[in-house]
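*Asks:*
Residue numbers (the numbering used here), protein chains in the order written: chain A, 1 to 140; chain B, 141 to 206.
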């Protein structure tokens with residue numbers, strides 16, 4: 001990654017974090033504001049440290065592995081999270097009646113859609129990368 | 141995979157920083173290769189071999205895993 005690309009990514013990340021903070025303050029979701037601020041601080045302190053060095057193939061390999069770890073942890077976490085959060089809505093017990101656990105059900109639905117989105121995104125990326133780096137059948 | 145990068149570097153009287161600059165990589169990459177913690181790409185391996193004017197197998201020694 002060269003300096004220009006790094007600056008472009010940094011600009012997009014700043015824009016994204018600022019918009020999340022603005023929206024969360026506007027909606028009075030102060031926990032999300034705090035989380036966004038902390039994420040921003042952690043991201044830029046880590047990226048700033050690594051940017052002192054030349055970003056070479058080892059750095060790219062680390063980034064690939066980090067992305068792989070993130071996917072393999074984040075995917076199952078939100079998938080299982082969605083399942084656990086949606087259990088009350090399927091239960092016949094009165095204590096788990098829909099009205100009392102509407103928030104959990106909504107969160108579970110969001111998690112379920114996020115999981116599906118993540119799997120779809122991974123599949124599409126995998127398909128295109130496999131096409132890019134793979135040989136064609138008629139080639140010898 | 142073992143390598144003799146450190147031997148070649150010392151023989152050329154180069155520091156890790158100098159070698160990294162010449163190869164266009166970070167010093168951390170040289171350290172990682174020398175300590176066998178990172179396996180370089182074939183491009184970088186060829187670059188290293190070309191820099192020291194030796195064959196690639198003179199620096200990188202393949203060892204079959206059991």
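All residues carry an ideal CB built from backbone N, CA and C; glycine is no exception.
Hey, residue 75 of chain A and residue 129 of chain A are a contact pair by Cβ (cut 8 angstroms); roughly how many whole angstroms apart?
*Replies:* Stepping through the first chain from its first residue, residue 75 of chain A is reached at position 75. Stepping through the first chain from its first residue, residue 129 of chain A is reached at position 129. That pair is no contact at about 17 angstroms.
*Asks:* Residue 169 of chain B CB to nearest chain A CB: under 8 angstroms?
*Replies:* Stepping through the second chain from its first residue, residue 169 of chain B is reached at position 29. Residue 169 of chain B counts as touching chain A.
*Asks:* Work out the CA separation of residue 161 of chain B and residue 179 of chain B for me, nearest whole Å.
*Replies:* Numbered from its first residue, the second chain carries residue 179 of chain B at position 39. Numbered from its first residue, the second chain carries residue 161 of chain B at position 21. Roughly 19 angstroms separates the two Cα atoms.
*Asks:* Mind checking if residue 64 of chain A is an interface residue toward chain B, Cβ cutoff 8 angstroms exclusive?
*Replies:* For the purposes of this step, residue 64 of chain A is taken as the residue at position 64 of the first chain. No, residue 64 of chain A does not count as interfacial toward chain B.
*Asks:* What does DSSP give as the partner residue(s) for residue 200 of chain B in the beta ladder?
*Replies:* On the second chain, residue 200 of chain B is found 60 positions in, with the first residue counted as 1. Per DSSP, B/143.
*Asks:* Within the 8 angstroms Cβ cut-off, does residue 150 of chain B reach chain A?
*Replies:* As a first step, residue 150 of chain B must be located in the second chain, where it is residue number 10. It does not; no Cβ of chain A falls within 8 angstroms.
*Asks:* In chain order, what residues of the same chain lie with their CB nearer than 6 angstroms to the CB of residue 172 of chain B, ignoring the 5 residues before and after it?
*Replies:* As a working note, residue 172 of chain B is residue 32 in the second chain. The answer, listed in chain order, is 178.
*Asks:* Grab me the residues of residue 154 of chain B's own chain with a C-beta within less than 8 angstroms of its C-beta, minus the 5 sequence neighbours each way, in chain order.
*Replies:* In the second chain, counting from the first residue as 1, residue 154 of chain B sits at position 14. Excluding sequence neighbours, residue 154 of chain B sits near 162.
*Asks:* How many angstroms separate the CA atom of residue 150 of chain B from the CA atom of residue 72 of chain A?
*Replies:* To locate residue 150 of chain B, count along the second chain from 1; it is residue 10. To locate residue 72 of chain A, count along the first chain from 1; it is residue 72. Straight-line Cα distance between these residues: approximately 41 angstroms.
*Asks:* Relative to chain A, which residues along the segment 154–182 of chain B have a C-beta separation below 8 angstroms, given in chain order?
*Replies:* Listed by position, the residues of the segment 154–182 of chain B near chain A (Cβ gap below 8 angstroms) are 160, 164, 165, 166, 167, 168, 169, 172, 178, 180, 181.
*Asks:* Taking a cut of 9 angstroms between CB atoms, which residues from the segment 66–79 of chain A lie near chain B?
*Replies:* From the segment 66–79 of chain A, no residue has a Cβ closer than 9 angstroms to chain B.
*Asks:* Quick one: what does DSSP say residue 150 of chain B is sitting in, helix, strand or coil?
*Replies:* Residue 150 of chain B sits at position 10 when you count from the first residue of the second chain. Here residue 150 of chain B sits in helix by DSSP.
*Asks:* Any beta carbon from chain A within less than 8 angstroms of residue 184 of chain B's own beta carbon?
*Replies:* The count along the second chain starts at 1 and reaches residue 184 of chain B at position 44. Chain A contact via Cβ: present.
*Asks:* Of all Cβ atoms in chain B, is any one closer than 8 angstroms to the Cβ of residue 58 of chain A?
*Replies:* Sequence index remark: in the first chain, residue 58 of chain A carries index 58 (1-based). Closer than 8 angstroms: yes.
*Asks:* Could one say the Cβ of residue 24 of chain A lies closer than 8 angstroms to chain E's Cβ atoms, at least one of them?
*Replies:* Going by chain labels, chain E is absent from the structure shown, which instead holds the protein chains A and B.
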